[in-house]
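Trainee: Mind looking over this structure? Questions follow.
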Ligand code: OOB
């Protein structure tokens, strides 16, 4: 679903789309300041300069091309926060092959789907991470997906696959992609049975980077700590690692986001900004009170991915001595930020306003009619870095986009007189578990595959730390062996699903509350109206 020509023209004419590609961007930065540090990987104290990263990307691209990876090919990339992540994605950008950004938490079900649906030619994993062996996962997926010709393993023994470190070769001439071409496929949080893939172009994504940099004060002296999983849209682009690289700044990879790991890195690397989901922001503000580490270099803490409560937001500046910047974004495009010079009241009580003057925002009722100014309704958006459709999903697109190209975000918002958005709720059938998105239908389908289960509904319920956690309400088949909640959780996990999707709580009920027309009322389920008495 390309941008209609008249919009593309406008976005170019107004200077949002600069006609750059990621490959060329890195080349320019490397020429401008070859010896500046681009990426720091504390695991083995690797420090790659811009020239170093540029050369690595060229060499890896050459090796990948020699192995038959070409323009437009899809490559599923599932890497933790290690330096190779950037080597791989910039090599793919140079070729014009499309990274498909999987998360380290994904397991067989998700990865198989990404590989199958995209017809991926290759899959890149780390040997091991967080006690999990990705080579075993790769072996299963490779056996099931015929298009998958290569698995490349970063760090550690490659086992039956090829080590990523064996791939690089003498750089070759590449024609590479055009600025308007797709750069990668990002994952949607989703509200349907399987995740949707989000096609982003070089032009549109690069605009979101420099637009973010301007609003977050990122320049070449900034040091960005990548604490969340590097491939997620928030730490990647808001302003994220790619924003930092665009600015010629430094990215410090944080292997995991706990204060024990992150705080020493902030002190040592003089980190100036980072992004966190609300539960982590809570942990950090508490830990900061007693930490022996010097966090004074930190200027900006971005918090987003899920609603940050006003009460928690108020604690950030006193605890961490930095400016809070709320971010309300989505991998589909639109990103809102509170401005660094907004009044404190605005910073703590809103989720910001759009990056671009050409981000079009509509707040509508259930019939797509605009609500009165200041009223609460569904957020629709269209703009210079918001997609016009998911990748290869025409039926879904007809529902998720209006006829004139607005994306239906599924978020319920209200606009303040200053144009700031306040997120009031969600209309999509999704649970936001501390920033990790779970499509209820996807988990329901897995529970329904259990032979003893007659019906299942998954909803979010309030959690003081995560904001929301998942509860699965399950009706057993008549005469079925009674099940324990833990058996349902294990069943879901063993179907090869990311751990964050396993229901936090399972409750057995005899019936679901219904709406007037006899549909299951998730609203009532959420309100705890799962009637009648649970079975023992
Ligand atoms: C970010 O991206 P996704 O694609 O994982 O999730 C998008 C959804 C939004 O539609 C909204 O439902 C929720 O996550 N969300 C927030 C929020 N930020 C995201 N809900 C309330 N308050 C917020 N501040 O989550 C994402 C992408 C780029 C930057 C930041 C977050």
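In UniProt numbering, the protein residues as written are 1 to 536. From the three backbone atoms N, C-alpha and C, an ideal C-beta is built for every residue, glycine too.
Quick test of your reading: residue 199 and residue 71, contact by CB under 8 Å. State the CB separation rounded to the nearest angstrom.
Mentor: No, residue 199 and residue 71 are not in contact; Cβ-Cβ is about 15 Å, not under 8 Å.
Trainee: Got a sec: does the ligand OOB put a non-hydrogen atom nearer than 8 Å to the Cβ of residue 411?
Mentor: Of the heavy atoms belonging to the ligand OOB, at least one sits nearer than 8 Å to the Cβ of residue 411.
Trainee: Measure from the C-beta of residue 419 to each C-beta in chain C and report whether the shortest distance is under 9 Å.
Mentor: You won't find chain C in this structure, because it holds only one protein chain.
Trainee: Does DSSP put residue 402 in a helix, a strand or coil?
Mentor: coil
Trainee: Report yes if the CB atom of residue 356 is closer than 9 Å to the CB atom of residue 16, and no otherwise.
Mentor: yes
Trainee: Tell me the rounded alpha-carbon separation between residue 398 and residue 181.
Mentor: 23 Å
Trainee: Per DSSP, what are the beta-bridge partners of residue 330 in this structure?
Mentor: Note: residue 330 sits in a beta bridge opposite 333.
Trainee: Assess contact between the segment 301-317 and the segment 381-391, defined as three or more Cβ pairs (one per stretch) separated by less than 8 Å. Is contact present?
Mentor: No contact exists between the segment 301-317 and the segment 381-391.
Trainee: Whose C-alpha, out of 233, 211, 240 and 213, is nearest the C-alpha of residue 225?
Mentor: The shortest Cα separation from residue 225 among 233, 211, 240 and 213 belongs to 240.
Trainee: Short of 8 Å in beta carbon distance, which residues of its chain neighbour residue 358, apart from the five on each side in sequence? Order them along the chain.
Mentor: 10, 11, 14, 16, 383 and 384
Trainee: Is the Cβ-Cβ distance between residue 55 and residue 78 less than 9 Å?
Mentor: no
Trainee: Quick check: what's the CA-CA separation for residue 122 versus residue 480?
Mentor: 43 Å
Trainee: Between which residues of its own chain and residue 206 is the CB-CB distance below 6 Å, once the five residues before and five after are set aside?
Mentor: 20
Trainee: Could you tell me if the beta carbon of residue 189 falls within a distance shorter than 8 Å of some heavy atom in the ligand OOB?
Mentor: Relative to the ligand OOB, the beta carbon of residue 189 is positioned inside 8 Å of a heavy atom.
Trainee: Assuming residue 506 and residue 472 are in contact, meaning their beta carbons sit under 8 Å apart, how far apart are those beta carbons, in whole angstroms?
Mentor: About 5 Å; that satisfies the 8 Å criterion.
Trainee: When the Cα atoms are used, what is the spatial distance from residue 142 to residue 351?
Mentor: 42 Å
Trainee: With a cut-off of 8 Å on the beta carbons, I'd call residue 492 and residue 503 a contact; round off their distance for me.
Mentor: That belief holds up - the Cβ atoms of residue 492 and residue 503 are roughly 7 Å apart, short of 8 Å.
Trainee: Report the partner residues of residue 224 according to the DSSP bridge assignment.
Mentor: According to the DSSP secondary-structure assignment, residue 224 is paired through a beta bridge with 251 and 273.
Trainee: With a cut-off of 8 Å on the beta carbons, I'd call residue 150 and residue 67 a contact; round off their distance for me.
Mentor: 6 Å
Trainee: Could you pull the start and end residues of the beta strand (DSSP E) that residue 154 belongs to?
Mentor: 150-154
Trainee: Decide if residue 50 is buried, meaning its Cβ has at least 16 other Cβ atoms within 10 Å, or exposed.
Mentor: buried
Trainee: Starting from residue 525, trace the alpha helix (DSSP H) in both directions and tell me its first and last residue.
Mentor: 522-526
Trainee: In the DSSP output, which residue or residues are listed as bridge partners for residue 78?
Mentor: Residue 78 pairs with 125.
Trainee: Identify which residue in 170, 148, 173 and 172 has its Cα closest to the Cα of residue 161.
Mentor: 148
Trainee: Per DSSP, residue 508 forms a beta bridge with which residues?
Mentor: 474
Trainee: On the criterion of 16 or more Cβ atoms from any shown chain inside 10 Å, does residue 425 qualify as buried, or is it exposed?
Mentor: exposed
Trainee: Does the beta-carbon of residue 134 have 16 or more other beta-carbons within 10 angstroms, so that it is buried, or is it exposed?
Mentor: Around the beta carbon of residue 134, 16 or more other beta carbons sit within 10 angstroms, so the residue counts as buried.
Trainee: CB-CB under 6 Å to residue 238, same chain, minus the five flanking residues each way: which ones, in chain order?
Mentor: Exclusion of the five residues before and after residue 238 leaves 212, 327, 329 and 335 as the residues of its chain whose Cβ lies within less than 6 Å of its Cβ.
Trainee: At which residues does the alpha helix (DSSP H) containing residue 51 begin and terminate?
Mentor: 50-66
Trainee: To which residues of the same chain is residue 41 closer than 7 Å at the C-beta, ignoring the five residues directly before and after it?
Mentor: 82, 83 and 253
Trainee: Would a C-beta distance cut-off of 9 Å place residue 231 and residue 101 closer than the cut-off?
Mentor: yes
Trainee: Relative to the alpha-carbon of residue 401, which residue among 416, 381, 413 and 515 has its alpha-carbon at the smallest distance?
Mentor: 381
Trainee: Roughly how many whole angstroms lie between the Cα atoms of residue 521 and residue 511?
Mentor: 11 Å
Trainee: Just to confirm the assignment, what range does the beta strand (DSSP E) spanning residue 300 have?
Mentor: 300-304
Trainee: Could you tell me which residues DSSP puts in a beta bridge with residue 101?
Mentor: 77
Trainee: Could you spell out the range, first to last residue, of the alpha helix (DSSP H) harbouring residue 108?
Mentor: Here the alpha helix (DSSP H) through residue 108 covers 108-118.
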